[in-house]
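Scroll down for the structure; my scribbles are underneath it.
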Amino acid sequence: MDLRQLPALNAIKAFEAAARHESFSRAADELFVTHGAVSHQIRALEAELGIALFSRDGKRVQLTDVGRRYATQVRAALTALVDATQAIRGGDRERRLVVSMLTSFAARWVTPRLGSFIEANPQWDLELLSTNALADFTRDDIDVAIRFGYGKYPGLHAELLLEEVFFPACSPTFNGGKLPKVPTDLAKFPLLRSDDELWRPWFDAAGLNDWPEPKRGVLYEDSSNLLQAAIEGQGTALTRRSLAMPEVAAGRLVRLFDIDGPSPWQYYFLCQPQMLQTARVMAFRNWVFEEVRRFRQLFERACQEGPQKAVKGGKTGKAEKAARPSLQVEP
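Quick note on numbering: the sequence shown equals residues 30 to 360 in this note's numbering.
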């Protein structure tokens, strides 16, 4: 075996993640690198192999037949490497707490809050896995998962963690600060779109029953990127409460109107039944449910104050600090 013929490990990891998601953006989120870094790694790998692994159509990517076969073999090899590593680490497994969740929720809700958990639980070595793929508790050696779905997870202990709603939001400086005042004003401005956040249910909630789903404008594949586009003043986004409220409290976004759209999906806390009473899982469960309780208080206060007042209070950080005496965070 000539190891000099192996491609760079970072390129292999980027390819495996991109192949699994069929998305460079989601692979970048999972690996905590930029979209450009993933694209560069994969192009370098394709150049080294002398063959295209993905077909590209604008921003969409799709595995070629060769790429699909290679992905299967690469994943098997990486799985074997992970298994070998875990076998060596086996003695420390009881100290490791492995938690899996969506990349957007990990980045914008959990990660900013994690300091309080780490400070209170130094005995656990936390591993946070961010992925949009469904968790396989056995294969991926996961203790806890937080998933956004319908709540049907056969064979797992599932608890409703956080109810989700959608509402429109934009930058306070959007359109020179002249923001939409009533829902019909949205017809005058660009509406940012996402694969995961559809406008139609919110239109219905706002009484705009004859408005169609927007078909023009930028389509963002990832909810976190959609939110960032709104923060940067590129238009009005239909945002998840969990992802947007800290930005509203901080004054980076304005919650437009007092109308929430329904979500068919909610956030669930998942673990294997036999793991529920273990010390590390219970520690994380208690912490995350307490963080959700604080988050609900922040949202309820924002609703009582109204969109504009919530933003004004948030610019100084008072709204968020009052709700979270220790750590700042977001959904």
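Here a beta-carbon is modelled for each residue, glycine too, at the ideal position from N, C-alpha and C.
Which two residues bound the contiguous beta strand (DSSP E) that contains F286?
The count along the sequence shown starts at 1 and reaches residue 286 at position 257. Here F286 belongs to no beta strand (DSSP E), and DSSP marks it neither H nor E.
Count the CB pairs spanning the segment 229-249 and the segment 184-193 that are closer than 8 Å, and state whether there are at least three.
no
Would you mind giving the Cβ-Cβ distance between W228 and L220, rounded to the nearest angstrom? I have them listed as a contact below 8 Å.
For the purposes of this step, residue 228 is taken as the residue at position 199 of the sequence shown. For the purposes of this step, residue 220 is taken as the residue at position 191 of the sequence shown. Yes, they are in contact, since the Cβ atoms of W228 and L220 sit about 6 Å apart, within 8 Å.
Considering just the uninterrupted stretch of the beta strand (DSSP E) at E59, what are its terminal residues?
Numbered from its first residue, the sequence shown carries residue 59 at position 30. Per DSSP, E59 lies in no beta strand (DSSP E) segment; the continuous alpha helix (DSSP H) that holds it begins and ends at 53-60.
Using alpha carbons as the reference points, say which of A46, A164, E77 lies closest to V90.
Your numbering for residue 90 matches position 61 in the sequence shown. Of all alpha-carbon atoms in A46, A164, E77, the one lying nearest the alpha-carbon of V90 is that of A46.
Look at E5 and S68 and say whether their C-beta atoms are less than 7 Å apart.
This structure gives no information on residue 5, because the portion of the chain shown stretches from 30 to 360.
If the criterion is Cβ atoms closer than 7 Å, does the pair V139 and S292 meet it?
Residue numbering aside, residue 139 sits at position 110 when the sequence shown is read from its first letter. Residue numbering aside, residue 292 sits at position 263 when the sequence shown is read from its first letter. No; because the gap between Cβ atoms is not below 7 Å, this pair is not in contact.
With C-beta atoms as the reference, is Q70 less than 7 Å away from A48?
For the purposes of this step, residue 70 is identified with residue 41 of the sequence shown, where counting begins at 1. For the purposes of this step, residue 48 is identified with residue 19 of the sequence shown, where counting begins at 1. Contact: no.
Considering only their Cβ atoms, is the gap separating E276 from S159 smaller than 7 Å?
Mapped onto the sequence shown, residue 159 falls at position 130. Mapped onto the sequence shown, residue 276 falls at position 247. Taking 7 Å as the Cβ cut-off, S159 and E276 do not qualify as a contacting pair.
For S200, which residues from the same chain have a beta carbon less than 8 Å from its beta carbon, with the 5 sequence-adjacent residues on both sides left out?
By one-based count along the sequence shown, residue 200 stands at place 171. Excluding sequence neighbours, S200 sits near A259, I260, E261, G262, R281, L282, V283.
Which partner residues does R85 have in the DSSP bridge list?
Residue numbering aside, residue 85 sits at position 56 when the sequence shown is read from its first letter. Answer is V90, bridged to R85.
Contact between the segment 120-136 and the segment 166-177: three or more CB pairs below 8 Å?
Touching, per the Cβ criterion.
Could you say which of A136, R325, I41, E329 lies nearest to L190 if we only look at CA atoms?
Here residue 190 refers to the residue found at position 161 when the sequence shown is read from its first residue. Checking every option, the nearest Cα to that of L190 belongs to R325.
Please go through the same chain and pick out, in chain order, the residues whose beta-carbon is closer than 6 Å to the beta-carbon of Y182, but skip the five residues on each side of it.
In the sequence shown, counting from the first residue as 1, residue 182 sits at position 153. L299.
For F313 and M304, what's the separation of their Cα atoms in angstroms?
Translated into positions along the sequence shown, residue 313 becomes position 284. Translated into positions along the sequence shown, residue 304 becomes position 275. Distance between the alpha carbons of F313 and M304 is about 12 Å.
To the nearest angstrom, how far is it from the Cα of F328 to the Cα of D287?
Position 299 of the sequence shown, counting from 1, holds the residue named residue 328. Position 258 of the sequence shown, counting from 1, holds the residue named residue 287. Going from the Cα of F328 to the Cα of D287 covers about 12 Å.
Is DSSP giving M130 helix, strand or coil here?
Taking the sequence shown and counting its residues from 1, one reaches residue 130 at position 101. Residue state, collapsed to three classes: strand.
Report the residue ranges of all beta strand (DSSP E) runs contained in full by the segment 209-271; include only those spanning at least 3 residues, in chain order.
Runs of the beta strand (DSSP E) inside the segment 209-271: 220-223, 265-269.
Excluding the 5 residues preceding and the 5 following V211 in the sequence, name in chain order all residues of the same chain whose CB lies nearer than 8 Å to its CB.
On the sequence shown, position 182 is the one that residue 211 refers to. Answer for V211: F286, listed in chain order.
Does D154 come out as helix, strand or coil in the three-state DSSP assignment?
If you number the sequence shown from 1, residue 154 lands on position 125. Strand at D154.
What does the Cβ neighbour count give for A198, buried or exposed, with the cut at 16 atoms within 10 Å?
Locating residue 198 in the sequence shown gives position 169, where the first residue counts as 1. That one is buried.
Got a sec? Which residues, its chain only, sit under 7 Å from A116 by beta carbon, not counting five neighbours each side?
Stepping through the sequence shown from its first residue, residue 116 is reached at position 87. For A116, where only same-chain residues beyond five positions count, there are no Cβ hits under 7 Å.
Please look up how many angstroms separate the CB atoms of W153 and R309, rounded, as I've assumed it's under 8 Å.
Stepping through the sequence shown from its first residue, residue 153 is reached at position 124. Stepping through the sequence shown from its first residue, residue 309 is reached at position 280. The pair is a contact, with the Cβ atoms about 5 Å apart (cut-off 8 Å).
Give the C-beta separation of S252 and E226 to the nearest angstrom, bearing in mind that I take them to be a contact with Cβ-Cβ under 8 Å.
Taking the first residue of the sequence shown as 1, we reach residue 252 at position 223. Taking the first residue of the sequence shown as 1, we reach residue 226 at position 197. Their Cβ separation, rounded to whole angstroms, is 7 Å, which keeps S252 and E226 in contact under 8 Å.
Return the first residue and the last residue of the alpha helix (DSSP H) that G144 is part of.
As a position in the sequence shown, residue 144 is number 115, starting the count at 1. It spans 143-149 - the alpha helix (DSSP H) in which G144 sits, taken as one unbroken run.
Can you grab the Cα-Cα spacing for the pair L131 / N161, in whole Å?
Taking the sequence shown and counting its residues from 1, one reaches residue 131 at position 102. Taking the sequence shown and counting its residues from 1, one reaches residue 161 at position 132. One Cα belongs to L131, the other to N161, and the distance between them is close to 5 Å.
To the nearest angstrom, how far is the alpha carbon of F134 from that of L157?
Here residue 134 refers to the residue found at position 105 when the sequence shown is read from its first residue. Here residue 157 refers to the residue found at position 128 when the sequence shown is read from its first residue. Straight-line Cα distance between these residues: approximately 11 Å.
Going by Cα to Cα distance, which pick from G144, L272, E319, A235 is closest to D289?
What you label residue 289 is simply residue 260 of the sequence shown in a count that begins at 1. Here the closest residue by C-alpha is A235.
Secondary structure at S292, three-state DSSP: helix, strand or coil?
Counting from 1 along the sequence shown, the entry for residue 292 is found at position 263. Correct three-state label for S292: coil.
So, with DSSP's three-state summary, where would you put A187?
Translated into the one-based positions of the sequence shown, residue 187 becomes position 158. In the three-state scheme derived from DSSP, where H, G and I count as helix and E and B as strand, A187 is classed as strand.
If L110 sits next to G96, beta carbons under 8 Å apart, how far is it from one beta carbon to the other, in whole angstroms?
Here residue 110 refers to the residue found at position 81 of the sequence shown. Here residue 96 refers to the residue found at position 67 of the sequence shown. So it is not a contact: roughly 20 Å between Cβ atoms.
Within 10 Å of its beta-carbon, does K338 have 16 or more other beta-carbons around it, so buried, or fewer, so exposed?
Locating residue 338 in the sequence shown gives position 309, counting from the first residue. Reliability fails at K338, whose pLDDT of 45 lies under 50, so the model's placement of it is uncertain and the value that follows must be treated cautiously. Exposed is the call here.
Please classify G206: does DSSP put it in a helix, a strand, or coil?
Here residue 206 refers to the residue found at position 177 of the sequence shown. In the three-state DSSP reduction, G206 falls in the helix class (H, G or I).
With DSSP run on the structure shown, which of helix, strand or coil describes L78?
Stepping through the sequence shown from its first residue, residue 78 is reached at position 49. Reduced to three states, the DSSP call for L78 is helix.
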